[in-house]
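Here is the structure we will look at.
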Amino acid sequence: MSRSTRLDIDLSAISANIAVLREITVEQKLMAVVKANAYGHGAVAVSRHIESQVDALAVAFTEEAVTLREAGIAAPILVLEGPHAASDIALAAKLDLWPAIHQSQQFEWCQAHIADLSQIWIKVDTGMHRLGFELEELDSIRNKLSHAGGTDLTLMSHLAAAEHPDNALTTSQARRWSELTQRWDGQTSLNNSAATRSAMGYRSDWARVGYALYGGQIEGMAADDRLQPAMRLTSAVIAIRQVPVGDSVGYGGRWVAQRDSLIATVPVGYGDGYPWSAADGTPVSVAGQLAPLAGRVSMDMITVDVTDCADVEVGSMAVLWGDEPHIDEVARHCGTIGYELMTRFTRRTPVRYLNA
Ligand SMILES: Cc1ncc(COP(=O)(O)O)c(C=O)c1O
């Protein structure tokens, strides 16, 4: 088969990033966040590759954890949203999952299986106001859990703007977290990629790292060049044409040639996961040279202005993101974040694993 559009996942890059994160997290245990199909990288393949390199894995909800257990993943798995129903707790007990609980109904569900849950994480709301017990509820929930069974308890919270350590929201969350952890004698977990990278010294026995694991850079923070992108979206040119000055290219005629131009058509579109929102000028590497997107993204194709590129021909390789252009750079041109680009792949895009 001849289709050139493909997602390459370099598993050795994820291992290299884990080594870098181990250096940064020093005494923290490292939990690899593999929710949303490991941020689009393939949860089973990634988890298999890294489970012996990290201390635990984290997913968003029970079904994601079940998929990993069914694939033979034996590492501890934290379920970040905790149970959505009582049946999720029965599964957690059966499959040795660690539920995070953040509201009182989940506590009720836990009670029936508490002896079979090796860990429960208690999530508190320090200010993000998405999930978590109120701070005043913590003592009572901890007492109830201890009374019900004495399973290991870890205190967790989540920062809403960790990439900005000095802003008012972060400092207020950090203050509340510090107050809470002073009277907490068990394990704690606060740091995501941004908090881990900013190394602000919040108490956190467990770092829960997702985006940096895959080589993503955090918007608003200086890039850490040691983190390597693990994902590369590639394709190859299928057509080249001359477009005279004044003519437009693609749907709606959005891009209009300001000079006689050479346009390359690449068979990747929003049906594959390349964002429709990509603006003219979004960088695409064609035959090893960066060139600007020219015209609206179609379902199956994009058009690129390769007038200034040398040696572009049918079959020339195109890199939509990878080492260059970096996914975060592409995301900026699309009015989104690299997290969204990583996670929006469709089944249509073939995946190849490198260095398994
Ligand atoms: C509760 C929680 N912890 C950790 C993470 C990992 O965040 P990041 O990918 O920024 O490292 C997430 C991601 O959304 C999360 O929701």
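Everything in the sequence shown is counted per the working numbering, starting at 2 for the first residue and increasing by one. All C-beta atoms in this analysis are idealised placements derived from N, C-alpha and C, irrespective of residue type, glycine included. Computed from a prediction, not measured in an experiment: that's the story for all the values here.
Does the distance from the C-beta atom of Lys30 to that of Gly83 stay below 9 Å? no
Would Pro326 be called buried (16 or more neighbouring beta carbons within 10 Å of its own) or exposed? buried
Let me have the residue list for ligand 1: C-beta closer than 5 Å to any non-hydrogen atom, ordered along the chain. Val34, Leu81, His159, Asn193, Ser194, Arg209, Val210, Gly211 and Tyr212
Could you tell me which whole beta strand (DSSP E) segments of length 3 or greater appear in the stretch 296-330? 303-306 and 318-322
Give me the DSSP bridge partner(s) of Pro166. Answer is none; Pro166 lacks a bridge partner.
By the three-class DSSP mapping on this structure, what secondary structure does Gln107 have? helix
Beta-carbon gap between Ala357 and Val238 smaller than 9 Å: no
Opening and closing residue of the beta strand (DSSP E) in which Arg233 lies: Met232 to Ala237
Own chain, CB closer than 6 Å to Leu156, minus 5 neighbours either side, in chain order: Ile123, Trp185 and Thr189
Do you know how far the Cα of Ile142 is from the Cα of Ser299? 52 Å
Under a CB-based cut-off of 9 Å, is Ala39 close to chain D? Of the protein chains in the structure, only one exists, and it is not chain D.
Residues near Asn192 in its chain [Cβ-Cβ closer than 6 Å; skip 5 each side]: Ser205 and Ala208
Residues near Asp301 in its chain [Cβ-Cβ closer than 8 Å; skip 5 each side]: Pro268, Val269, Gly270, Gly272 and Asp273
Do Val55 and Ala20 have their C-beta atoms within less than 9 Å of each other? no
Could you tell me which residues DSSP puts in a beta bridge with Thr266? Ala240 and Thr304
Going by DSSP, what residues sit across from Thr155 in a beta bridge? Trp122 and Gln188
Going by CA-CA distance only, name the one from Ser317, Gly289, Gly282 and Ser286 that's closest to Gly336. Gly282
N- and C-terminal bounds of the beta strand (DSSP E) containing Leu291: Gln290 to Pro293
Would you say Ala161 and Arg131 are within 9 Å of each other, going by their C-beta atoms? yes
Count the other C-beta atoms from every protein chain shown that fall within 10 angstroms of the C-beta of Pro284, then say buried if there are 16 or more, exposed otherwise. buried
Using 10 angstroms around the beta-carbon of Pro245, count the other beta-carbons present and answer buried if the total reaches 16, otherwise exposed. exposed
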